[in-house]
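The opening position of the sequence shown corresponds to residue 1 in the working numbering, with each subsequent residue numbered one higher.
Note that beta-carbon positions come from the ideal geometry of N, C-alpha and C, so glycine has one too.
Data block below; observations after.
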Amino acid sequence: MLKNEISHDSQEVRRCHNDLQYGNIAMDKDGTISLLNYECSTHNPVAYDIANHFCEMVANYHSETPHVLDYSKYPDLKERRRFVTIYLSHGEYFPTDAQVERLLNDVEKYTLASHLLWCLRGIISNYLEVIEFDQEGYQRKSFIVEITDFDYMEYARQRFQQYRLKKRELLGSSGISP
1 MLKNEISHDS QEVRRCHNDL QYGNIAMDKD GTISLLNYEC STHNPVAYDI ANHFCEMVAN
61 YHSETPHVLD YSKYPDLKER RRFVTIYLSH GEYFPTDAQV ERLLNDVEKY TLASHLLWCL
121 RGIISNYLEV IEFDQEGYQR KSFIVEITDF DYMEYARQRF QQYRLKKREL LGSSGISP
């Protein structure tokens, strides 16, 4: 169902950052903005990248509890519309209201994909496989350690909770699986 909701031929696919949060954006003193850390970068629908950026606005990774997300900081419709309008504008070109609304609708649907992806990544990231090698480079032993400086499971729980809330809002409570 979700695939049908967000699959259409006119989606703009570009090279996307896919982790555009404040820690990956730098501005120098003359106002030039640079994007950092492209390890998640790949071709993707632009609507996904924007949706993920909006979802990241709720995080404060420099707090005492970096895994706790504050969804009151999610940009409201006016701010999302402003962002999308500026994104679609270039040079002398200004988008139509229909173009803005279409991208906004796609962005909202792609928040579901963002929540699912980062929920799964949180679950996977909760544990780290440590592999020790001997002097000749042969694997000596392997063991799993739990990460303790970031509560990945709580982060994953919050992202899944938002996925379920947003899914109900966008697709209704039809009981359709992810």
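In this chain, CYS55 is not harboured by any beta strand (DSSP E); it is covered by the alpha helix (DSSP H) spanning 46 to 56. Pairing ILE123 with ALA156 gives a Cβ-Cβ distance under 7 Å. For ALA26, the three-state secondary structure derived from DSSP is strand.
Contact annotation: the segment 149 to 167 touches the segment 107 to 126, with at least three C-beta pairs closer than 8 Å. In terms of CA proximity to HIS53, LEU112 leads the group THR65, LEU112 and ASP28. THR85 is positioned such that its CB atom lies no closer than 7 Å to that of VAL107.
Around the beta-carbon of ASP19, 16 or more other beta-carbon atoms lie within 10 Å, marking it buried. For the pair HIS17 and SER34, the CB atoms are not nearer than the 7 Å cut-off. By the Cβ-count criterion, TYR152 is buried, with 16 or more other Cβ atoms from all chains shown falling within 10 Å of its own Cβ. Setting aside the 5 residues that flank it on each side, VAL13 is surrounded in the same chain by HIS43 and PRO45, each with a C-beta closer than 6 Å to its C-beta; the list follows chain order.
With a beta-carbon spacing of about 5 Å, LYS73 and VAL58 fall inside the 8 Å limit used to define contacts. Around the CB of GLU64, fewer than 16 other CB atoms lie within 10 Å, so the residue is classed as exposed. In the DSSP assignment, VAL13 falls within the beta strand (DSSP E) that extends over 13 to 16.
Looking at the DSSP output, ILE33 bridges to MET27. Per DSSP, the beta-bridge partners of HIS90 are TYR93. Under the three-state reduction of DSSP output, HIS43 falls in the strand class. Shown here, PHE150 sits in coil according to DSSP, grouped into three states, outside any helix or strand. Cβ-Cβ separation between SER114 and TYR38: approximately 17 Å, too far for a contact (criterion under 8 Å).
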